[in-house]
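Structure, as structure tokens:
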Amino acid sequence: MSATAVAAPAVHSLWTTAAAAPIHAPKIEYAQLSPILVVLGAAVAGILVEAFVPRRARYGTQLAVTLIGLAGAFAAVVGLAATGYATTKADLAAMGSIAVDGPSLFLQGTLILVTAVGVLAIAERGLEPQSREVPHVDAFAPQAAAVPGSEDEKAAARAGWSTTEVFPLTLFALSGMLVFPAAGDLLTLFIGLEILSLPLYLMCALARRRRLLSQESAVKYFLLGAFASAFFLFGTALLYGYAGTLDLGGIAKVVTGDAAPNAALNASAHGDALLLIGGAMIVMGLLFKVGAVPFHAWTPDVYQGAPTPITGFMAAATKVAAFGALLRLLYVALPEMRWDWRPVMWGVAILTMALGAIVAVTQTDVKRMLAYSSIAHAGFLLTGVIAGNKQGVSAVLFYLAAYSFVTLGAFAVVTLVRDAGGEATHLSRWDGLGRRSPLVAVTFALFLLAFAGIPLTSGFSGKFAVFSAAAKGGAVPLVVVGVLCSAVAAFFYVRVIVRMFFAEPRADGPSVAVPSALTGTAIAVGAAATLVLGVFPQWAFDLADKASVFIR
Amino acid sequence: MNPVNYVYLAALLFTIGAAGVLIRRNAIVVFMCVELMLNACNLAFVTFARMHGGLDGQIVAFFTMVVAAAEVVVGLAIIVSVFRTRHSASVDDANLMKL
Chain A
1 MSATAVAAPA VHSLWTTAAA APIHAPKIEY AQLSPILVVL GAAVAGILVE
51 AFVPRRARYG TQLAVTLIGL AGAFAAVVGL AATGYATTKA DLAAMGSIAV
101 DGPSLFLQGT LILVTAVGVL AIAERGLEPQ SREVPHVDAF APQAAAVPGS
151 EDEKAAARAG WSTTEVFPLT LFALSGMLVF PAAGDLLTLF IGLEILSLPL
201 YLMCALARRR RLLSQESAVK YFLLGAFASA FFLFGTALLY GYAGTLDLGG
251 IAKVVTGDAA PNAALNASAH GDALLLIGGA MIVMGLLFKV GAVPFHAWTP
301 DVYQGAPTPI TGFMAAATKV AAFGALLRLL YVALPEMRWD WRPVMWGVAI
351 LTMALGAIVA VTQTDVKRML AYSSIAHAGF LLTGVIAGNK QGVSAVLFYL
401 AAYSFVTLGA FAVVTLVRDA GGEATHLSRW DGLGRRSPLV AVTFALFLLA
451 FAGIPLTSGF SGKFAVFSAA AKGGAVPLVV VGVLCSAVAA FFYVRVIVRM
501 FFAEPRADGP SVAVPSALTG TAIAVGAAAT LVLGVFPQWA FDLADKASVF
551 IR
Chain B
1 MNPVNYVYLA ALLFTIGAAG VLIRRNAIVV FMCVELMLNA CNLAFVTFAR
51 MHGGLDGQIV AFFTMVVAAA EVVVGLAIIV SVFRTRHSAS VDDANLMKL
């Protein structure tokens, strides 16, 4: 007993010091957080719609709530940017948890627009075969909990049910994505990562057709995603141990030596090891999300198995959010460590570009091919990250905006090409598509040319920007590798175009469904963004350039 | 006792969890190993909070618990629906998509 009595003061000192200081209520700048709050509010409203609105009216109500929420959030972003929060008034909000600055607002605006276009494709109900009893059928399982092929599922399909939960899930994922590139400390970064990931795992499992593939993709994405976020969290713990703070700016100060790390810890646990291992593990978690080699293994399976409108949304929006977070972590928290992380990122970028471009050549499924193409694009984006200058940041911002609309459009076109088994994703089925439906084939060819980086498309402007920034930042060999990989990638994009326009159409080939105004608008917006950012990119470059300074 | 030992223990638990994810074949066990990794993170956070004399790390531990609970909800829903479809929770059986 006496031993505990002696030890007591040391144990309790933590509590007594904390209790002695007066507790101040946190100062929350609601106006600066409004984009995130509006999206979260719309998502919660969507849950209430799901609970209280009769099934018949749910689809229309959900779509209206989602689009109104997105419009409100975009207006909030534009309002904040117009009042100068992107430049002169950039600041840390919510006690340093959320950074409201140029990159945050640029990426949040991009994400909201991308989600709006993605929601249009998700809301499409005119492509699946319909009957008189069930006039509207969408791409999602009638009842996700029912076993595929069971009586329950058939009954739900006959009753015309649908998983309208996908709208609030999209909004929740978006709210995480809005937090992710704006996070000012590591805890917010982790919470943003989880909020964006968890709804996406579920949405992958919701396909109406090929449900086994869909569920398999969800399991793979979930287990690997949870594995990666555990690494991310342990890295966070180690960085916290090193710096004694979770603030990105605070960590940067400890790295530069402006603030002292914990002396006792440094003596006993090798502070530099904590910094290096912790930083590496956090970057590992983020590289998993962007799908960079060697953390790319989930990408093809998940892109192939998930319902195609979800794949489009996920491929576009996750990449924007995760690259935003990666930029902020490397440029705000670890800029002084760049001599340590740049060589590693060089290797990752070269591997990512090469593997993405080379393996895509061998693919026979159009969704898998686009997945490997997205891996290659992650590599091109990493060259911009490695540049390490302001131009690199603005180039990556521009590339993300350009690439995400191309991706959305391409996956929306994939939903149109169908046969009796649903979407005809095998590339051999696309033979001669250009003769049967020239408009769809020409649009898809435009997106493929943009992926390949042909001039007059947004892909060229983006690649030009990241490669010139990387060359300016002293990474000329990387640019050479990037251009070579672009050439390899152009081969398989052009091969698809040749198949569509110069191969004989098959007698049993797929038909091209006529989309409703929803998917039509999504594809049109994607194509328009591709052309506008390709022919007149200057205003977007200027916007990205103005938005390219991080607040610390 | 020197609190650094708890950091070593956390690293050990994390390694055991990571090895389990890579070695075990049952999706539920893999998932439990991920939870073990998250708990190892919690132990590290609390230990570092004690060493720094701050409360940040303990706050993070609470957030981690909430995140882990949310992950269980989503993860078990997915794993159970796959189990009901395939009558198997082995991650090796889920191999419809291959290169």
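Going down the list, the sequences are from chains A and B. Counting from 1, one number per residue, gives the positions in the first sequence under UniProt numbering. Counting from 1, one number per residue, gives the positions in the second sequence under UniProt numbering. A virtual CB, placed ideally from N, CA and C, is assigned to each residue, including glycine.
### Message
Would you say Val74(B) lies against chain A (beta-carbon separation less than 8 angstroms)?
### Response
At least one C-beta of chain A is nearer than 8 angstroms to the C-beta of Val74(B).
### Query
Excluding five sequence neighbours on each side, which residues of the same chain lie with their C-beta closer than 8 angstroms to the C-beta of Trp26(A)?
Correcting the residue type first, residue 26(A) is Pro in the shown sequence and not Trp. Same-chain partners within the cutoff: Ala94, Met95.
### Task
Could you tell me the distance, in whole angstroms, from the CA atom of Trp430(A) to the CA atom of Ala507(A)?
Cα atoms of Trp430(A) and Ala507(A): separation of roughly 12 angstroms, rounded to the nearest angstrom.
#### Entry: Glu194(A) beta carbon less than 8 angstroms from that of Val67(B)
yes
### Task
May I have a chain-ordered list of the alpha helix (DSSP H) segments no shorter than 4 residues that lie completely inside the stretch 329-358 of chain A?
none
### Query
Tell me the DSSP bridge mates of His426(A)?
Under the DSSP definition of a beta bridge, His426(A) partners with Asp365(A).
#### Entry: Cβ-based neighbour list, Asp365(A), same chain, cut-off 8 angstroms, excluding 5 preceding and 5 following
Gln304, Thr425, His426, Leu427
### Within chain B, the residues that Pro148(A) reaches when beta carbons sit closer than 7 angstroms
Thr85
### Message
Can you pull out the residues from the stretch 55-66 of chain B whose beta carbon lies closer than 8 angstroms to at least one beta carbon of chain A?
### Response
Leu55, Asp56, Gly57, Ile59, Val60, Phe63, Thr64
### Message
My output table needs one value for Asp93(B): the three-state DSSP class, helix, strand or coil.
### Response
coil
### Query
Hey, is Phe234(A)'s beta-carbon within less than 8 angstroms of any beta-carbon in chain B?
Residue contact with chain B for Phe234(A): present (Cβ-Cβ distance below 8 angstroms to some residue of chain B).
### Query
What residue from Lys463(A), Val488(A), Thr407(A) has the CA that sits closest to Phe444(A)'s CA?
Thr407(A)
### Task
Check whether the Cβ of Gly241(A) lies closer than 8 angstroms to any Cβ atom in chain B.
yes
### Message
Using only CA atoms, which one of Leu248(A), Ala64(A), Val359(A) lies nearest to Asp185(A)?
### Response
Leu248(A)
### Task
Between the Cα of Met65(B) and those of Phe31(B), Val74(B), Leu38(B), Gly53(B), spot the shortest distance and give me the residue it belongs to.
Out of Phe31(B), Val74(B), Leu38(B), Gly53(B), Leu38(B) has the C-alpha closest to the C-alpha of Met65(B).
### Task
Using a Cβ cut-off of 8 angstroms (strictly closer), state whether Ala8(A) contacts chain B.
Bear in mind that a pLDDT of 44 at Ala8(A), under 50, signals an unreliable position, so the model cannot answer this.
### Query
Residues bridged to Leu92(A) by DSSP?
Ala99(A)
### Query
Leu212(A) versus chain B: which residues are under 8 angstroms apart at the beta carbon?
Chain B residues near Leu212(A): Thr85, Arg86, Leu96.
### Query
Rounded C-beta distance between Ala89(B) and Phe234(A)? I'm assuming under 8 angstroms.
Taking a contact as a CB-CB distance under 8 angstroms, the pair Ala89(B) and Phe234(A) does not count as one, their CB atoms being some 26 angstroms apart.
### Query
Hey, is His12(A)'s beta-carbon within less than 8 angstroms of any beta-carbon in chain B?
At His12(A) the pLDDT is 49, less than 50, meaning the model places this residue with poor confidence and gives no usable figure here.
### Query
Would you call Gly60(A) buried or exposed, if buried means 16 or more other Cβ atoms sit within 10 Å of its Cβ?
So Gly60(A) ends up on the exposed side.
### Message
Given this structure, state the Cα-to-Cα distance separating Ala5(A) from Val179(A), to the nearest angstrom.
### Response
Its pLDDT being 43, under 50, Ala5(A) is placed unreliably in this model, and the coordinates cannot settle the point.
### For Val46(B), the nearest candidate out of Gln108(A), Gly244(A), Leu107(A), Tyr221(A) (CA to CA)
Gly244(A)
### Message
Suppose you measure from the CA of Ala410(A) to the CA of Ile36(A); what does that come to, to the nearest Å?
### Response
28 angstroms
### Query
If you run the structure through DSSP and keep just helix, strand and coil, what is Ser88(B)?
DSSP places Ser88(B) in coil when its eight states are reduced to three.
### Query
Between Pro181(A), Leu456(A), Thr170(A), which lies nearest to Leu107(A) when the distance is taken from Cα to Cα?
Pro181(A)
### Task
Measure how close the beta-carbons of Lys289(A) and Thr311(A) come, nearest whole angstrom, since I'm counting them as under 8 angstroms.
In fact, because the Cβ distance is near 15 angstroms, the residues do not count as touching under 8 angstroms.
#### Entry: Three or more C-beta pairs below 8 angstroms linking the stretch 379-388 of chain A and the stretch 76-90 of chain A
no
### Task
Taking Ala194(A) as the query, report the chain B residues whose CB atoms sit under 8 angstroms from its CB, ordered along the chain.
One point to set straight first is that residue 194(A) is Glu, not Ala, in the sequence displayed. By Cβ distance, chain B contributes Val67, Ala70, Glu71.
### Query
So, is the C-beta of Met1(A) closer than 8 angstroms to a C-beta in chain B?
Residue placement at Met1(A) is poorly supported in this model, since its pLDDT is 39, which falls under 50; the coordinates are not used for a value here.
### Query
Using 8 angstroms as the limit for Cβ to Cβ distance, is Asp301(A) near chain B?
yes
### Query
Can a CB atom of chain A be found closer than 8 angstroms to the CB of Ile16(B)?
Taking Cβ atoms only, chain A never reaches closer than 8 angstroms to Ile16(B), which makes this a no.
### Query
At a CB-CB cut-off below 9 angstroms, which residues of chain A make contact with Ile28(B)?
Going along chain A, no residue has its Cβ under 9 angstroms from Ile28(B), so there is no contact; the nearest lies around 11 angstroms.
#### Entry: chain C contact residues for Met37(B), given Cβ-Cβ distances below 9 angstroms
You won't find chain C in this structure, because its protein chains are A and B.
### Task
Quick one: using the 10 Å Cβ neighbour count with 16 as the cut-off for buried, is Ser394(A) buried or exposed?
buried
### Task
Sort out for me which residues DSSP pairs Phe140(A) with in a bridge.
DSSP lists Ala207(A) as partners of Phe140(A).
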